Structures are given as C-alpha cells and as structure tokens.
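Which chain is which? The protein sequence lines are W and B, in order.
As numbered in the working numbering, residues 7 to 364 make up the first sequence, in order.
As numbered in the working numbering, residues 7 to 364 make up the second sequence, in order.
Quick reminder that beta carbons are idealized off the backbone N, C-alpha and C, glycines included.
Note that the coordinates shown come from a computational prediction; the quantities given were computed from them, not determined experimentally.
Since the structure comes first, as structure tokens, the remarks are kept for the end.
There are 2 protein chains.
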Amino acid sequence: MPSPIVISLDAMGGDHGPPVVVGGVREFIRRHGAEGLHFQLHGDEAAISAEVARFRLDASIIDIRHTDKVVAMDEKPAQAMRRGKGSSLWNAIEAVKTGQAGAVVSGGNTGALMAISKLVLRMSAEALERPAIVAPWPTLRGVTAVLDVGANVESDARQLIQFAIMGEAYHRAVNGVKNPVIGVLNVGSEDMKGHEDVREAHAILRDNKLGLTYHGFVEGDDIAKGTVDVIVTDGFTGNIALKTAEGTARFISTLLQDALKSSFQSKIGALIALPALQAMRRRIDPNAINGGPLLGLNGIVVKSHGGADAKGFASAIRVAVDLARSDYLDKVGANLGRLGEVIPASASTGGDNGDKVQ
Amino acid sequence: MPSPIVISLDAMGGDHGPPVVVGGVREFIRRHGAEGLHFQLHGDEAAISAEVARFRLDASIIDIRHTDKVVAMDEKPAQAMRRGKGSSLWNAIEAVKTGQAGAVVSGGNTGALMAISKLVLRMSAEALERPAIVAPWPTLRGVTAVLDVGANVESDARQLIQFAIMGEAYHRAVNGVKNPVIGVLNVGSEDMKGHEDVREAHAILRDNKLGLTYHGFVEGDDIAKGTVDVIVTDGFTGNIALKTAEGTARFISTLLQDALKSSFQSKIGALIALPALQAMRRRIDPNAINGGPLLGLNGIVVKSHGGADAKGFASAIRVAVDLARSDYLDKVGANLGRLGEVIPASASTGGDNGDKVQ
Chain W
7 MPSPIVISLD
17 AMGGDHGPPV
27 VVGGVREFIR
37 RHGAEGLHFQ
47 LHGDEAAISA
57 EVARFRLDAS
67 IIDIRHTDKV
77 VAMDEKPAQA
87 MRRGKGSSLW
97 NAIEAVKTGQ
107 AGAVVSGGNT
117 GALMAISKLV
127 LRMSAEALER
137 PAIVAPWPTL
147 RGVTAVLDVG
157 ANVESDARQL
167 IQFAIMGEAY
177 HRAVNGVKNP
187 VIGVLNVGSE
197 DMKGHEDVRE
207 AHAILRDNKL
217 GLTYHGFVEG
227 DDIAKGTVDV
237 IVTDGFTGNI
247 ALKTAEGTAR
257 FISTLLQDAL
267 KSSFQSKIGA
277 LIALPALQAM
287 RRRIDPNAIN
297 GGPLLGLNGI
307 VVKSHGGADA
317 KGFASAIRVA
327 VDLARSDYLD
337 KVGANLGRLG
347 EVIPASASTG
357 GDNGDKVQ
Chain B
7 MPSPIVISLD
17 AMGGDHGPPV
27 VVGGVREFIR
37 RHGAEGLHFQ
47 LHGDEAAISA
57 EVARFRLDAS
67 IIDIRHTDKV
77 VAMDEKPAQA
87 MRRGKGSSLW
97 NAIEAVKTGQ
107 AGAVVSGGNT
117 GALMAISKLV
127 LRMSAEALER
137 PAIVAPWPTL
147 RGVTAVLDVG
157 ANVESDARQL
167 IQFAIMGEAY
177 HRAVNGVKNP
187 VIGVLNVGSE
197 DMKGHEDVRE
207 AHAILRDNKL
217 GLTYHGFVEG
227 DDIAKGTVDV
237 IVTDGFTGNI
247 ALKTAEGTAR
257 FISTLLQDAL
267 KSSFQSKIGA
277 LIALPALQAM
287 RRRIDPNAIN
297 GGPLLGLNGI
307 VVKSHGGADA
317 KGFASAIRVA
327 VDLARSDYLD
337 KVGANLGRLG
347 EVIPASASTG
357 GDNGDKVQ
C-alpha cells in the first residue's frame with residue numbers, strides 16, 4: 007500500500023476557524039472518501055479536537071499540531087512574515103516544505119498566505135516575482151481557469167507566458183482536460199489590439215514552441231462563455247474582472263429576488279419555480295467553486311475564501327488533493343525550464359515588477 | 007423664442023440604418039417631446055424619407071442631408087479617416103464642427119467614429135490622446151458612469167484625472183447629480199494598493215485642489231453596488247470589466263431561462279412570475295441604458311450600440327440632448343484648463359501612450 011497523501015490545513019484561517027475547517031474535512035470525506043489521505047490540522051488543539059469529536063471523524067487519519075499563534079485576517083503581509091513564524095498558517099505551509107504534507111489549504115489572509123508561502127516554499131522559477139492566483143470561473147461549458155486574479159499588479163509578456171504554462175498544467179490536473187486551450191485576455195481579437203505586453207505574449211504563444219494549445223486573444227465576455235479553458239491576464243485586470251463579475255452576479259440576484267417578492271402573484275410563481283431556481287443558484291454558488299491555488303511555488307498551496315462554509319472548504323480540499331495526486335508540479339517545472347529557450351531575450355524585460363500586496 | 011438645438015444623426019450607422027435611427031427619433035419625441043429640437047439626418051435621402059413618412063414625423067423639424075457614401079461597420083479607423091470624407095458618419099460629425107448641430111449620435115463603427123471625431127472636432131486638451139468612452143452602468147442605486155471603457159489602452163495618472171473631470175461634468179449634465187462622487191478603480195482600497203498610475207491619481211484627487219468630490223479607491227464589485235457616481239480607469243481595464251459584466255449577465259440570464267424551462271412545474275412558476283421577471287429584465291436591458299458619449303472632444307458625440315433598436319437609439323438621443331442643453335462643454339473646458347496648476351510636472355509623464363484602436 008502506498009503511503010497516504012497528507013493534506014495540511016490551517017485550522018484557524020478564515021472567518022470561522024475550526025468549525026468550518028473540520029466540517030470541511032467531514033464534507034470532503036462524505037463526497038470523495040478518505041482513501042489514501044491523511045489530514046494534518048494546525049491550530050488550537052482543544053478547539054480542533056472538539057470539532058473532530060463533534061463531527062465524529064476517524065481520529066486515525068487526523069493529526070492535530072497545536073499552536074497558540076494565529077495570523078490575523080487584517081495583518082499586513084510584511085508584518086505576517088516578520089511575526090508569523092510558529093502560527094497555524096506558517097506551520098501548515100512549513101509541513102509542505104519539509105515534505106510532511108503534499109499540499110496545504112488555508113482560508114486565511116491572502117496577503118500573508120502569499121508572503122509566507124513565498125518565503126517558506128520559494129518560487130519555482132527565478133523570474134517569478136510572486137505566486138499567481140487562479141480563479142476557477144463557472145461558464146456555460148464548465149469551468150475556465152483565469153489567472154492571475156490579484157497577486158501581480160503588473161505582468162510583462164514573460165510572466166503572462168508563465169501564467170499560461172502554470173494554468174495549463176493546473177487545469178489538466180484539476181479539471182481533467184487533456185489539452186487545455188489557452189487565451190490571452192484583451193480588448194479585441196485582432197493581432198494589433200491591446201498594449202505591448204499582451205501582443206508580445208500573443209506572438210510567442212502563437213509561435214507554439216512551448217507545445218501549448220493557443221486560441222488567441224479573448225475578450226471579457228468570452229470568460230463566462232467558456233470560449234477557452236485557461237485565460238491569462240495581469241493580476242490588476244484579472245482581479246478587477248473577477249470582482250466585477252461577482253458584483254454583477256450579486257446585482258442580478260438582488261434584482262431577481264426583489265422582482266419575485268414584488269407582488270403576491272410573483273411570490274406564488276417563485277414558490278412553484280423554487281426547486282429550479284435553487285438548482286440554478288447551486289451552479290453559481292461560490293462555495294461550490296471555491297479553492298484558488300497559488301501557482302509558481304515549490305509546493306501546492308490552495309487559498310479558500312475567508313467566508314466559505316464547510317461545503318466550500320471541502321471544495322478547496324478537493325482542489326488540493328487533485329493537485330497533490332497529479333504530476334502538476336513536475337510538468338510545470340519542466341515547462342518553466344524550457345521558457346529560456348523559447349522566449350527571446352528582448353521579451354524578458356521583466357524584473358521591474360511594480361506590484362504591491364501590502 | 008431661442009433657436010432650436012439641432013441633433014445631427016448618422017442615419018446609416020448601426021446594424022439597421024434608417025428604420026432604427028428614424029424610429030429612434032419618433033420614440034424620443036414620444037417620450038420627451040420635440041420642443042426646441044431639430045433633427046438633421048445624414049444618409050440616403052430616399053430611405054430616410056420613406057421612414058419619416060412611415061413614422062409620420064413632423065417634417066418641419068427634420069432636415070435630411072443626402073449622401074450615398076457610407077463607412078462600413080468593419081472598416082479600419084485609418085481607412086475610414088482617409089476615405090470617409092462625405093460619408094453619413096463624417097457629415098454628421100462635421101455638422102457639429104461647423105456649429106450647425108449641438109451634438110451628433112451614431113450607431114456606426116466605434117473605431118471610425120472615434121478617429122473621424124478626433125480629426126474633425128479635435129481634442130479639447132492637448133494632453134488628451136483620444137476620446138474616452140463612458141459606459142452608463144446600471145447599479146443598485148441608479149447609474150454609475152465608468153470611463154474609459156475602451157479608447158485608451160494605457161492611461162497615466164494625468165489621463166485618469168482628466169477622465170475624472172470629464173466624467174464628473176458628464177454625470178452632472180446627464181444624470182442630474184449635483185456633486186457626483188468619484189472613485190478610482192483598483193485591486194484594493196488602501197493607499198498602497200495597485201500600480202503607480204492609480205496611486206498617483208489617488209493622491210492628486212485626495213488633495214482636492216480641483217474641487218471634485220473624491221471617495222477613494224473602489225474595487226470591481228463596487229461598480230454594480232453604486233458605491234460612487236463616477237469610476238475612472240484605464241481603457242484596457244474598463245473595457246474588460248464592461249465586457250466581463252455583460253458576459254456574466256448573459257451567463258446568469260441563460261442559466262435562469264434554462265432553470266425555468268427545466269420542468270413543467272418550473273414553467274408554470276415562470277409563467278405566473280412573468281410580469282415581475284419582465285420588469286426586472288427591463289432594468290438591465292442594454293437598450294434602456296444605451297448611449298456612450300465620447301468625452302474630451304470639442305463637441306458632443308454619442309455612440310449608440312450598433313445593435314440597438316429604436317428604443318435604444320432614443321436613449322442615445324436623450325444623452326445627446328441632455329449634454330447639448332447643459333453647460334457640460336464649458337465646465338469641462340474650465341476644469342481641464344486648471345489641470346496644469348494642480349498636477350505637478352512629475353505626474354505629467356504622459357505622451358507615450360501606446361494605445362491602438364486599429
């Protein structure tokens with residue numbers, strides 16, 4: 007029997023801590039089983055034990071690692087790096103570094119998670135400034151991986167290509183698509199559209215020396231259409247696109263609720279259509295599509311929404327398990343290694359990356 | 007009696023030409039009356055006359071200016087500039103230049119409209135590279151003006167400030183808000199978030215030497231919340247945010263329709279709730295919020311969606327009429343004139359604006 011894959015969890019992260027993290031483990035096991043898996047939970051032992059007992063989890067696959075120290079949700083990344091050592095977040099990441107765990111999941115402070123992950127695990131390629139965050143985006147055809155959605159404020163052509171390599175390997179590992187099709191987010195589809203960085207990335211991807219399947223430029227409305235499997239963009243645009251979509255979904259959902267409550271007649275109609283409306287809501291439920299991996303690190307780190315519930319946390323665990331079981335890290339490493347052959351020196355203007363996460 | 011305001015219309019623009027443009031005039035008059043207004047219609051006289059007769063419009067307020075020449079919807083801007091002279095689009099804009107008309111509306115080719123408007127009318131400030139396009143964005147509180155949504159691919163701090171000045175004056179003129187509140191679109195709300203251009207624009211707006219009401223940074227989900235009245239961003243991000251929101255709205259609308267058709271029971275429910283659902287749809291109907299002005303020109307130019315129907319075209323005419331009746335151009339001119347006093351030389355690094363509209 008092969009030794010189990012260990013998933014390291016920051017039990018104190020997120021808005022709710024142990025109840026959601028331990029509840030997430032229970033929900034994950036209910037959905038997918040626990041075969042070949044162990045869970046290492048970092049944080050307050052008493053609180054975690056109580057939840058493990060409450061959820062009647064099999065104690066033989068749960069390993070609690072006590073610490074009193076917690077990184078606050080509003081702590082600045084620089085502060086978290088200086089003071090975070092020994093915290094549940096730090097220890098959970100450290101377990102991946104030392105090889106005790108195959109992946110880590112945290113619902114904690116994104117900036118601190120990124121900063122400590124980078125410090126502890128280090129980037130897998132020199133040119134990478136910081137991890138890229140992937141958003142699994144629900145579309146009419148399934149899920150599209152959009153990256154970066156917030157880690158890198160400015161991204162040159164070389165970074166966009168790195169995002170393409172990492173996103174492609176990620177999508178294959180997690181969503182089981184053999185040859186994910188890649189697109190570069192832009193303001194139009196013609197070669198001359200957009201700024202220099204997207205045009206340079208477009209030209210390199212079109213040349214196809216990296217063996218990636220490239221569609222071309224895509225526009226904002228292509229994301230939800232599911233035109234391609236992986237969409238690369240700088241973290242500034244990606245973050246704003248993601249939050250704009252979330253805002254739009256909330257806006258329409260509010261209008262819909264108001265409309266269905268606006269009269270006695272519409273209330274009756276809504277009641278009758280309720281099962282269908284609930285099924286629809288599940289398809290755009292952020293909890294069902296939770297789990298944004300931080301790509302580009304020497305190790306697998308998955309960010310869960312801070313506000314996720316146990317079902318949401320279970321989805322994030324699934325992303326971590328799928329990545330840990332796959333050859334994702336090897337494949338990405340090999341392709342990033344080939345970047346130097348493919349990208350001409352003129353494209354690697356990088357280095358001056360004016361990002362700020364503080 | 008004061009002389010009437012003349013609205014110049016490119017009758018051949020858009021996907022449908024004269025039926026929608028003349029139908030739009032009829033619909034505008036039905037909604038708002040024609041008092042103090044004249045309409046100058048540029049294009050094929052026979053086709054326009056037939057529509058004017060069909061819609062029984064009062065011929066005394068309609069002035070048809072014949073031309074055979076039309077700029078195609080897929081014509082490149084550079085080509086349109088070289089060959090477009092004498093076309094319905096060109097002549098409609100020229101009428102504003104010569105003072106015959108107070109504003110022009112076209113549903114034609116956006117790139118050609120921008121290029122010819124800039125050539126014929128010229129920019130109202132030297133530092134402006136090309137017009138900014140405003141998107142009137144429906145929100146929970148009404149409408150927010152978002153600019154630029156596609157004309158300028160990169161925008162430095164000085165341009166973002168110009169967008170703020172122009173957007174504020176526009177919002178006051180069209181939406182009747184006395185002191186529109188401005189926000190700068192960013193990936194977070196803290197001062198240190200984002201790249202240099204947004205932080206510099208933020209610092210200048212916070213200093214408040216231009217007399218604008220400034221809220222601070224806003225994020226993608228603030229757009230649909232209606233957190234502020236005017237949101238400024240570079241045209242790359244703005245265009246992608248707008249199209250992402252349109253794609254999200256279409257995605258949810260498709261899911262909703264599928265859900266309501268998924269069973270006999272849900273079909274009954276949908277039928278009963280139909281009036282409420284239709285009222286909701288009207289609130290996000292792009293035709294009801296049609297009309298994106300091109301700001302920064304010496305004259306008022308309003309872009310209508312190419313696919314708009316007569317109701318949509320009427321909305322675009324309303325935007326043009328409101329701007330033409332207001333002191334928008336004077337106010338913007340005065341504020342842009344004060345930019346030099348307010349923005350330190352270090353901020354005006356502009357000039358190297360790598361935008362492409364081709």
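C-alpha gap between residue i and residue j, whole angstroms
i	j	result
W/Lys249	B/Glu225	7 Å
W/Ala230	B/Gly42	45 Å
B/Ile67	B/Gln46	8 Å
B/Ser94	B/Val238	32 Å
B/Asp21	W/Trp143	32 Å
B/Val327	B/Arg32	14 Å
B/Arg71	B/Ala151	33 Å
B/Ala84	W/Phe223	22 Å
W/Asp64	W/Gly30	14 Å
W/Pro24	W/Lys309	16 Å
B/Leu211	B/Tyr220	6 Å
B/Asn359	B/Ala175	For B/Asn359, the predicted model reports a pLDDT of 39, less than 50, meaning its position is unreliable and no value from the coordinates is stated.
W/Asp162	W/His201	10 Å
Neighbour flag for residue i against chain B, beta carbons, 8 Å
i	result
W/Asp80	no
W/Val234	no
W/Gly19	no
W/Asn245	yes
W/Ser55	no
W/Ile229	yes
W/Glu415	The structure shown does not extend to residue 415 of chain W, since chain W spans only 7 to 364, so no value can be given for it.
W/Thr254	yes
W/Phe242	yes
W/Ser332	no
W/Met286	yes
W/Phe257	yes
W/Gln85	no
W/Thr250	yes
W/Thr116	no
Contact test: residue i Cβ vs the ligand NAP heavy atom, cutoff 7 Å
i	result
B/Leu303	In the structure on display, the ligand NAP does not appear, and there are no ligands present to speak of.
DSSP-derived helix/strand/coil call for residue i
i	result
B/Gln46	strand
W/Gly253	helix
W/Asp16	strand
B/Phe61	coil
B/Met79	coil
B/Ala109	strand
B/Val26	helix
W/Ile290	coil
B/Val38	The sequence shown places His at residue 38 of chain B, not Val. Of the three classes helix, strand and coil, the one that applies to B/His38 here is helix, per DSSP.
W/His177	helix
B/Val31	helix
B/His208	helix
Any chain W beta carbon closer than 8 Å to residue i
i	result
B/Gly226	yes
B/Ala151	no
B/Arg289	yes
B/Val193	yes
B/Lys309	no
B/Ala209	no
B/Gln271	yes
Anticipated Cβ contact below 8 Å, residue i with residue j, distance rounded
i	j	result
B/Asn192	B/Val204	5 Å
B/Thr260	B/Gly189	So it is not a contact: roughly 31 Å between Cβ atoms.
W/Thr107	W/Ile13	Residue identity differs from the one stated: residue 107 of chain W is Ala in this sequence, not Thr. Sure, about 6 Å apart at Cβ, within 8 Å.
W/Gly302	W/Ala131	7 Å
B/Gly297	B/Val338	Actually they are not in contact, since the Cβ atoms of B/Gly297 and B/Val338 sit about 18 Å apart, beyond 8 Å.
B/Ala276	W/Gly275	7 Å
B/Val76	B/Phe319	With a Cβ gap of about 17 Å, B/Val76 and B/Phe319 do not count as contacting.
W/Ala138	W/Ile306	So it is not a contact: roughly 14 Å between Cβ atoms.
Chain-ordered chain A contacts of residue i [CB-CB under 7 Å]
i	result
B/Glu160	The chain labelled as chain A is not found among the protein chains of the depicted structure, namely W and B.
Check: Three or more C-beta pairs closer than 8 Å, one from the stretch 91 to 110 of chain W and one from the stretch 272 to 284 of chain W: is that the case here?
Finding: no
Note to self: If contact is defined by three or more beta carbon pairs under 8 Å, each pair taking one atom from either stretch, is the stretch 105 to 119 of chain B in contact with the stretch 11 to 31 of chain B?
What the structure shows: yes
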